[in-house]
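There are 2 protein chains.
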Amino acid sequence: MKAAVLYDTTSHNLNLLHWGHLEAPDPFFAIKICNRTIAFVSELEFGRFRSQSTFQEVHLWSEFRKGSSSNTPFWPSFFRFLQKQYAIDQFLLPNDFPASIYAEIVSVVPVAFDAAFFETQRAIKTVAEVGEIRKACTVAAKILQKTMEKIRNSTVKDGILYHEGKVLTSERLQGEMEVDALQQGCCAQGTIVAGGADAVDPHNPGSGVLREKQFIVIDFFPCLQSSHYYGDRTRTVFKGKPTEEQVRMYRAVQECQQLLIQRIRPGVYASELMSFALKFFEQQGFARKQTPNGCEGLIHSVGHGIGLDLHEYPSIGSQPIRLEPGMVVAIEPGLYFPSLGGVRMEDDVWITETGCEVLSPCEQGFEV
Amino acid sequence: MKAAVLYDTTSHNLNLLHWGHLEAPDPFFAIKICNRTIAFVSELEFGRFRSQSTFQEVHLWSEFRKGSSSNTPFWPSFFRFLQKQYAIDQFLLPNDFPASIYAEIVSVVPVAFDAAFFETQRAIKTVAEVGEIRKACTVAAKILQKTMEKIRNSTVKDGILYHEGKVLTSERLQGEMEVDALQQGCCAQGTIVAGGADAVDPHNPGSGVLREKQFIVIDFFPCLQSSHYYGDRTRTVFKGKPTEEQVRMYRAVQECQQLLIQRIRPGVYASELMSFALKFFEQQGFARKQTPNGCEGLIHSVGHGIGLDLHEYPSIGSQPIRLEPGMVVAIEPGLYFPSLGGVRMEDDVWITETGCEVLSPCEQGFEV
Chain A
465 MKAAVLYDTT SHNLNLLHWG HLEAPDPFFA IKICNRTIAF VSELEFGRFR SQSTFQEVHL
525 WSEFRKGSSS NTPFWPSFFR FLQKQYAIDQ FLLPNDFPAS IYAEIVSVVP VAFDAAFFET
585 QRAIKTVAEV GEIRKACTVA AKILQKTMEK IRNSTVKDGI LYHEGKVLTS ERLQGEMEVD
645 ALQQGCCAQG TIVAGGADAV DPHNPGSGVL REKQFIVIDF FPCLQSSHYY GDRTRTVFKG
705 KPTEEQVRMY RAVQECQQLL IQRIRPGVYA SELMSFALKF FEQQGFARKQ TPNGCEGLIH
765 SVGHGIGLDL HEYPSIGSQP IRLEPGMVVA IEPGLYFPSL GGVRMEDDVW ITETGCEVLS
825 PCEQGFEV
Chain B
465 MKAAVLYDTT SHNLNLLHWG HLEAPDPFFA IKICNRTIAF VSELEFGRFR SQSTFQEVHL
525 WSEFRKGSSS NTPFWPSFFR FLQKQYAIDQ FLLPNDFPAS IYAEIVSVVP VAFDAAFFET
585 QRAIKTVAEV GEIRKACTVA AKILQKTMEK IRNSTVKDGI LYHEGKVLTS ERLQGEMEVD
645 ALQQGCCAQG TIVAGGADAV DPHNPGSGVL REKQFIVIDF FPCLQSSHYY GDRTRTVFKG
705 KPTEEQVRMY RAVQECQQLL IQRIRPGVYA SELMSFALKF FEQQGFARKQ TPNGCEGLIH
765 SVGHGIGLDL HEYPSIGSQP IRLEPGMVVA IEPGLYFPSL GGVRMEDDVW ITETGCEVLS
825 PCEQGFEV
């Protein structure tokens, strides 16, 4: 029997949150043998873990601490106890397992690193998990809608957008969206409201005044405070009249996203989707290219798994990962050209037996 | 020469944030040799780290990755390069250094775990850091003040508090405080507004309706979004007329906190402060005692360091840690008795050459 081992906080290792569905601020110890999850926690957390977590066994950590004499180091004797108690042949560790514990046990019990096991743990979602992601997507949709309305209803003076008498800045919209999220039970941080040149860099959250005649990328990823599941959604809008080339670029991203979603079903490989998008954009005249200032076009992967973490397995990029029923992935093609601006469109989809379902569909945006 | 080594994200290892003062979502590698900090980052982060971080050297990680051939494992050759380049005799690792990297280098270069080095890294604050903590304390004070006003101005019906026509619950006040914090540039999570029995458990955030004739503990710890420094502050209020015993308990906590703050100066040991508080409460008739249902009285330490983390070195508990000028500590004595309720009073103080200064002093509370 193999046992996967974690010693961490739930915020740093979301597999622990996945095993127990209970947030804990301090590190604790847990193992998983087949589908059985077992936690070893402090006295402070014992009652709460027993009554509220989904661990099948919860043990009082101090019982084992007490048992080990001050002469024998704790970790080796604890791992030997586990080995015997649960008939464990090998302990599987994540790459970031605490080195000081590893150093004490490596010559005592059989251990191995198994990054893939831990990385793929949360890939297949239960219906309840999909329900949580859907809730977060709905909050994201509502608030994105409201933000697009503000830009739609804004007035323009000297090229700058104003709403309700005050200038519209990236920071203002980010702040208003994050406050709205909190009022709807979600924590949202790092919200992107990026106009013009800011939108050409997908990692730039955006700052300063928002202007007409440029793309504004709004990427919003609220996390439900109650369950810690994320939704991830991006819309791109444009105040004023775009050039023909800008219209073509927006339509290309929009069509690419729709075609990707149509192609998603069990058995398709992530890398096929990535290749499809690159080829599609090339055919549309928006090929990826290297310039002296960096890369232009589709410069990131076209998606990623989503759940307890914002970005998790599987990445929809160059790796040939087979898509399976039950995965939930964000699909987010985008195009970035300094001469035109940045456009990205993102929705989360649930992979079913035969295709996929967009979670909480919402308005597309663009010319407002 | 010894080199401290980190490979982590800034959110999980705040020493990385302390070295660079720049948040980074992905793990990166950094070393510190004497007071020289050196970062190795990805292409994506290179420009940002060069221009915005406080690292004295920033290197492009991929340069080293490229250099190592696919036949030789990367980590051993990278550590050997560092050893030679910076004349390093020993690499110091935190206990939670990634085990998979440790396993590759332990037989190649001299390494040692040094938990104390990493734990104490951020203990002495610069004047700029104190300024940030003071800002967070000021936000905490303003919002606590507003919350106390709401309870003061509430009406009572059947023992339950109402404000502006709606029932006052823990969740409502927590939500309102956290939204206020966000509007003032702070992220606040886990806010405690705990009345009655909830307040007797210092870890209970509180839930449900708030009532008259019981202590309400409000513990609020906003974190500045711009710099990630925390403020930590607790007030206890009481709507209606307390019993004599409750008044005595509140006054005991209040006096204890004032006496602790008077005693804080360089050279004093944390454990002396803890002993003082236990003895003081005993003399006041509120001795700590063990009951069949757990511990009553002062059941936690009387304080902790504060900075980039909410709780950091030094703990003001049973350990004999010497207080030094430049430390910033939260001082938070409390008493918890099921028969009376819970009372806690908390402020952050900056240890000076001769004593200490309360950061952004504010109203005390109690009978509202």
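Line by line, the protein sequences give chains A and B.
Taking this note's numbering, the leading residue of the first sequence gets 465, the next gets one more, and so forth.
Taking this note's numbering, the leading residue of the second sequence gets 465, the next gets one more, and so forth.
Ideal Cβ placement from N, Cα and C applies to all residues, glycine included.
Just so it is clear, the structure is predicted and the values come from calculations on it, not from any experiment.
Determine the chain A residues that contact residue i at a beta-carbon separation under 8 Å, and present them in chain order.
i: B/Gly639; result: Leu646 and Gln647
i: B/Tyr566; result: Ala563, Tyr566 and Ala567
Determine, using beta carbons only, whether residue i and residue j come nearer to each other than 8 Å.
i: B/Leu470; j: B/Asn479; result: yes
i: B/Phe744; j: B/Ala751; result: no
i: A/Arg598; j: A/Ser824; result: yes
i: B/Ala468; j: B/Phe561; result: no
i: B/Glu821; j: B/Glu810; result: no
i: B/Glu507; j: B/Phe492; result: no
i: A/Gln554; j: A/Ala576; result: yes
i: A/Ile588; j: A/Glu788; result: yes
i: A/Ala734; j: A/Pro784; result: yes
i: B/Ile815; j: B/Gly790; result: yes
i: B/His768; j: B/Val793; result: yes
In chain B, what lies closer than 8 Å to residue i by C-beta?
i: A/Asn757; result: Within 8 Å Cβ-Cβ: nothing; A/Asn757 doesn't reach chain B, min ~11 Å.
i: A/Glu760; result: In chain order: nothing, as chain B lies at least about 15 Å away.
i: A/His667; result: Leu508
i: A/Phe577; result: Ala563, Ser564 and Ala567
Take residue i as the anchor and find which of the options has the nearest alpha-carbon.
i: A/Phe702; options: A/Glu507, A/Asn668, A/Gly660 and A/Ala652; result: A/Gly660
i: A/Arg699; options: A/Gly595, A/Gln828, A/Asp622 and A/Pro666; result: A/Gln828
i: B/Cys826; options: B/Lys606, B/Ala600, B/Glu527 and B/Ala488; result: B/Lys606
i: A/Ile680; options: A/Leu804, A/Val572 and A/Ala551; result: A/Leu804
i: B/Gln689; options: B/Gln647, B/Val573 and B/Arg715; result: B/Gln647
i: A/Gln718; options: A/Tyr566, A/Gly806, A/Ser517 and A/Cys651; result: A/Gly806
i: B/Met465; options: B/Gly484, B/Gly629, B/Ala563 and B/Gln549; result: B/Gln549
i: B/Leu762; options: B/Glu736, B/Gly798, B/Thr619 and B/Arg512; result: B/Gly798
i: A/Glu736; options: A/Pro756, A/Thr755, A/Thr619 and A/Arg786; result: A/Arg786
i: B/Leu723; options: B/Met713, B/Gly731 and B/Phe740; result: B/Phe740
i: A/Glu527; options: A/Gln747, A/Gln609, A/Ser618 and A/Phe542; result: A/Phe542
i: B/Gln638; options: B/Pro706, B/Arg544 and B/Ala604; result: B/Ala604
i: B/Tyr626; options: B/Arg586, B/Val673 and B/Arg500; result: B/Val673
i: B/Glu831; options: B/Gln748, B/Val732, B/Arg712 and B/Lys753; result: B/Arg712
i: A/Pro558; options: A/Thr536, A/Arg544 and A/Gln585; result: A/Gln585
i: B/Thr707; options: B/Gln678, B/Trp539 and B/Glu628; result: B/Gln678
List the residues of chain A whose Cβ lies closer than 9 Å to the Cβ of residue i, in chain order.
i: B/Met832; result: Note on residue identity: the sequence assigns Val, not Met, to residue 832 of chain B. Here the premise fails: no neighbours, minimum Cβ distance about 26 Å.
i: B/Gln554; result: None at all; the shortest Cβ gap to chain A is about 15 Å.
i: B/Asn559; result: Pro562, Ala563, Ser564 and Ile565
i: B/His523; result: None at all; the shortest Cβ gap to chain A is about 19 Å.
i: B/Val717; result: Here the premise fails: no neighbours, minimum Cβ distance about 22 Å.
Return the chain-ordered list of same chain residues with a C-beta closer than 6 Å to the C-beta of residue i, the five sequence neighbours on each side being excluded.
i: A/Gly819; result: Arg729
i: B/Ser671; result: Ser634
i: A/Phe685; result: Tyr694, Asp696 and Leu774
i: A/Val620; result: Glu676
i: A/Glu521; result: Ile502
Apart from the five residues just before and just after residue i, which ones in its own chain have a Cβ nearer than 8 Å to its Cβ?
i: A/Met738; result: Ser765, Val766, Ile780, Gly781 and Ser782
i: B/Glu596; result: Leu688, Ser691 and Tyr693
i: A/Val664; result: Tyr800, Phe801, Pro802, Gly805 and Gly806
What in chain B is Cβ-close to residue i, meaning under 7 Å?
i: A/Tyr608; result: Going by the sequence as given, residue 608 of chain A is Leu instead of Tyr. None at all; the shortest Cβ gap to chain B is about 18 Å.
i: A/Gln722; result: Correct list: empty, because the minimum Cβ distance to chain B is about 29 Å.
i: A/His476; result: His476
Closer than 7 Å by C-beta to residue i: which residues in its own chain qualify, once you throw out the five before and the five after it? Chain order, please.
i: A/Pro495; result: Contrary to the premise, residue 495 of chain A reads as Ile rather than Pro in this sequence. Once the five neighbours on either side are set aside, the close Cβ partners of A/Ile495 are Ala467, Ala468, Val469, Ile502 and Leu546.
i: A/Glu709; result: Leu804
i: B/Ile725; result: Ile795, Val813, Cys820 and Val822
i: B/Pro489; result: Thr473
Is it buried or exposed, residue i, if we count other Cβ atoms within 10 angstroms and call 16 or more buried?
i: B/Cys720; result: buried
i: B/Ala551; result: exposed
i: A/Cys498; result: exposed
i: A/Thr611; result: buried
i: A/Asp622; result: exposed
i: B/Glu593; result: buried
i: A/Val505; result: buried
Answer yes or no: the CB of residue i versus the heavy atoms of the ligand GDP, is any distance below 7 Å?
i: A/Ser739; result: Here there are no bound small molecules, and the ligand GDP is not part of this structure.
List the residues of chain B that residue i touches, going by C-beta distances under 9 Å, in chain order.
i: A/Gln754; result: The contacting residues do not exist; A/Gln754 stays about 13 Å from chain B at best.
i: A/Val643; result: Val643, Leu646 and Gln647
i: A/Gln653; result: Cys651 and Gln689
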